[in-house]
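Asker: All letters in the sequence shown, in the order written, are residues -26 to -1, 1 to 557 by mature numbering (1 follows the signal peptide of the UniProt record, and there is no 0).
The beta-carbon is built from N, C-alpha and C at its ideal position, and this holds for glycine as well.
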Amino acid sequence: MAGGLLNQYWVLSLLYVLLMVETVSGARSPATGAYISPQFPASGVNLIPVVDCREVCGLNASDRCGFIRTNPDCRSDGGYLDYLEGIFCHFPPSLLPLAITLYAFWLLYLFLILGVTAAKFFCPNLSAISTTLKLSHNVAGVTFLAFGNGAPDIFSAMVAFSDPRTAGLALGALFGAGVLVTTVVAGGIAILRPFTVASRPFLRDIIFYMVAVFLTFTALYRGKVTLAWALGYLGFYVFYVVTVVLCTWIYQWQQRRSLVYSMPATPEMLSDSEEDPVSSHTSSYDYSEEYRLLLDHETTAQILLRALNPLDSRTWRNKSVYWRALKVFKLPVEFLLLLTVPVVDPDKDDGNWKRPLNCLHLVISPLFLVLTLQSGAYGVYEIGGLFPVWAVVVIAGTALAAVTFFATSNSEPPRLHWLFAFLGFLTSALWINAAATEVVNILRSLGVVFRLSNTVLGLTLMAWGNSIGDAFSDFTLARQGYPRMAFSACFGGIIFNILVGVGLGCLLQISRGHAEVKLEPDGLLVWVLAGTLGLSLVCSLVSVPLQCFQLNKVYGCCLLLFYLTFLVVALLTEFGVIHLKSV
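1) Say yes only if the C-beta of Val518 is nearer than 6 angstroms to one or more non-hydrogen atoms of the ligand HEM, and no if none qualify.
2) May I ask you to report which of helix, strand or coil DSSP gives Glu494?
3) Alpha carbon to alpha carbon, how far is Arg178 from Arg43? Give it in angstroms, no decimals.
4) Can you give me the start and stop residues for the alpha helix (DSSP H) that Thr200 sits inside?
5) Looking at the structure shown, is Ile416 part of a helix, part of a strand, or coil, going by DSSP?
6) Out of Leu194, Val543, Ser136, state which residue places its alpha-carbon closest to the alpha-carbon of His488.
7) Could you say which of Pro519, Gly152, Ala375 lies nearest to Ala437 if we only look at CA atoms?
8) When the Cα of Ala410 is compared with those of Val368, Thr346, Phe424, Ala351, which residue comes out closest?
9) Cα-Cα, which of Leu374, Tyr214, Cys27 is closest to Ala186?
10) Determine the burial state of Tyr225: buried for a count of at least 16 other Cβ atoms within 10 Å of its Cβ, exposed for fewer.
11) Can you check the region 133 to 195 for any alpha helix (DSSP H) of at least 4 residues that lies completely inside it and give the ranges in chain order?
12) Within the same chain, show all residues whose beta-carbon is closer than 7 angstroms to that of Leu305, passing over the 5 residues directly before and after it, in chain order.
13) If I measure Cβ to Cβ from Pro175 and keep anything under 7 angstroms in the same chain, skipping five residues before and after, which residues do I get?
14) Identify the residues that DSSP records as bridge partners of Glu29: which are they?
15) Going by beta carbon distance, what residues of the same chain come within less than 8 angstroms of Ser245, once the five residues before and after it are set aside?
16) Please state whether the Cβ-Cβ distance between Ser514 and Phe96 is less than 7 angstroms.
17) Less than 7 angstroms between the beta carbons of Arg458 and Ala160, yes or no?
18) Express the C-alpha separation of Ser50 and Ser101 in angstroms, rounding to a whole number.
19) With a Cβ-Cβ cutoff of 7 angstroms, do Phe465 and Tyr183 count as a contact?
20) Could you give the C-beta distance for Phe449 and Ile163, rounded to a whole number, given that I count them as a contact under 8 angstroms?
21) Report, in whole angstroms, the separation of the C-beta atoms of Arg389 and Arg167, which I expect to be a contact under 8 angstroms.
22) Hey, how far is the Cα of Asp321 from the Cα of Asn99?
23) Could you work out which residue in Ser419, Val212, Leu194 is closest to Phe62 when comparing CA atoms only?
24) Looking at C-beta atoms only, is the number of pairs between the region 474 to 491 and the region 195 to 208 that lie closer than 8 angstroms three or more?
25) Relative to the alpha-carbon of Val155, which residue among Trp80, Gly439, Ala134 has its alpha-carbon at the smallest distance?
26) What does the alpha-carbon distance come out to for the pair Phe394 and Phe379?
27) Report the rounded CA-to-CA distance for Gly150 versus Val377, giving the unit in angstroms.
28) With DSSP run on the structure shown, which of helix, strand or coil describes Asp260?
29) If you compare alpha carbons, which of Thr217, Leu451, Val502, Ala92 is closest to Ser408?
30) Out of curiosity, what's the CA-to-CA distance linking Ala460 and Glu272?
31) Any idea if Gly124 is buried or exposed, counting beta-carbon neighbours within 10 angstroms, 16 or more meaning buried?
32) Assuming Val280 is part of the alpha helix (DSSP H), what are its boundary residues?
33) Count the other CB atoms, across all protein chains shown, that sit within 10 Å of the CB of Ala504; report buried if there are 16 or more and exposed otherwise.
34) Which residue comes first and which comes last in the alpha helix (DSSP H) that contains Leu347?
35) Is it buried or exposed, Leu(-9), if we count other Cβ atoms within 10 angstroms and call 16 or more buried?
36) Of the choices Thr105, Tyr529, Pro126, whose alpha-carbon is the least far from that of Leu467?
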């Protein structure tokens, strides 16, 4: 248990680092505000009444641009692009459909950036960190791996909670993703591969998730989240991690005890188990030696070009047309990620050590960090009014890269190579944070144009975009014959998302000087969403044990029908067809 407490200490330390990075990224100051939106003079802000930004569509076309530029409710507190100003000031009214289409494609590409960054850069570095810290598989699975899989949801929630106007977007996305995963994804797994679910992990996870949903429902009813409430979310997740570790340890102990008494080892079994690893090791050794001889003849320039190439010609020839088309869209962002984010792979003999590229990372990654914090405001800040911060970072990074280059070799990684995993972790986290900020801003802009609430945008577009990658991964696992693993991943991920997403998001807002985080539900729809999620969990808690934990295609179809019914009810509520009668 002492090792488990130490593991939790490391996990909480990394979450604290992320919180500090996000706090610095979201901090506001007069100079920063002037940098992001120089067109808003500070003297005139307080003289303009705050009007709901969605009223812009009711104005004449000639008045819309002025309304967007002068109304405080229409400003974006972060990000690089002002989407509302782009729609109403740079596109004529006749080209509004074109602007919406371009924004929709950009939104899809942002979701693609989130998925690529999390899968190929964020998760591998988290895995390397967990290996470096010697975390057990159980702790790594419910902490680092869950964080890697839920990174888009977590960062989107943190960004959305940083602004009271978009808090509904975060709640809609977290609740909407919960409904989607527990119905569509779980139902799809049961349809693809009927199976018997593990009873104890299922009951444990669904009960914990129900408690998390109840906590959020209570916070909505109270209309606020205090510091104690936010810390309670994080503390409850720590309790969940401890429970998972303890239950797994007890189960393994019982298994070992039963094996000792019931299945004595035989010489035949021992010989079979010894032969396979030797033969596989021998073939792997021969191949790796030949491959190493080829790499030893590569020049530094060739290593750099190969490391920066995101396309494998052999893989390209063997893939389908659909895969190739998607790969073409991924190539630009993958190249930029390879250039800015170091990746450490403990499974490789060299740990993915690429000497020229890793030395280049020592310059580019810190530069990317300072140019990403506060949308670049800290990077262009001039020390003493003379020397910009980004120039200091470049000089220091270049000196460190030169020392590393001349002190290392191409063939052997240095002893401190594991530090690149932490650098890659921070850099990929800021990549995800920057993309999540743009996603939140563009969804809010689409809500203004179509006069939609943040909640309905969260439970549809944002939930779908953040969950589609996990859905395809779980469906692939089910088709490959691992439905129990895919089903377990459904609940483990959303527990992390709602507890850490709400907890860290609200804690971030409170750390900026607010006594509490105000939650203003967007009418009846939020309660419909929360009630639907609670109802789906209760139905699963009752129906699955009644089926003796055997999930078949009928159960999967019922879950899909439940989600479609919920979607229809949610849209009818949003457009006022379903509403509460005024007394």
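Answerer: With the given structure in hand:
1) With respect to small molecules bound, the structure shown includes none, and the ligand HEM cannot be examined in it.
2) coil
3) 51 angstroms
4) It is not in any alpha helix (DSSP H) - Thr200 instead sits in the beta strand (DSSP E) that spans 198 to 200.
5) helix
6) Ser136
7) Gly152
8) Thr346
9) Tyr214
10) exposed
11) 141 to 154, 160 to 166
12) Pro284, Leu285
13) Ser462
14) Per DSSP, none; premise fails for Glu29.
15) Caution applies to Ser245, whose pLDDT of 38 falls short of 50 and renders its modelled position unreliable; the model cannot decide the point.
16) no
17) no
18) 35 angstroms
19) yes
20) 7 angstroms
21) Their Cβ separation, rounded to whole angstroms, is 46 angstroms, which puts Arg389 and Arg167 out of contact at 8 angstroms.
22) 12 angstroms
23) Ser419
24) yes
25) Gly439
26) 14 angstroms
27) 50 angstroms
28) Its pLDDT being 41, under 50, Asp260 is placed unreliably by the model, and the measurement read from it follows with that caveat. In this structure, Asp260 counts as helix in the three-state DSSP scheme.
29) Reading off the sequence shown, one finds Ala at residue 408, where the question assumed Ser. Cα-wise, what sits closest to Ala408 is Ala92.
30) 41 angstroms
31) buried
32) With the sequence shown as reference, residue 280 is identified as Arg, and Val is not the correct amino acid for it. Its alpha helix (DSSP H) spans residues 274 to 281.
33) buried
34) Careful: Leu347 lies outside any alpha helix (DSSP H) and carries neither H nor E.
35) Legend: pLDDT at Leu(-9) = 47, less than 50; position of this residue unreliable, no value from coordinates given.
36) The sequence shown places Gly at residue 467, rather than the Leu named in the question. Of Thr105, Tyr529, Pro126, the residue nearest in Cα terms is Pro126.
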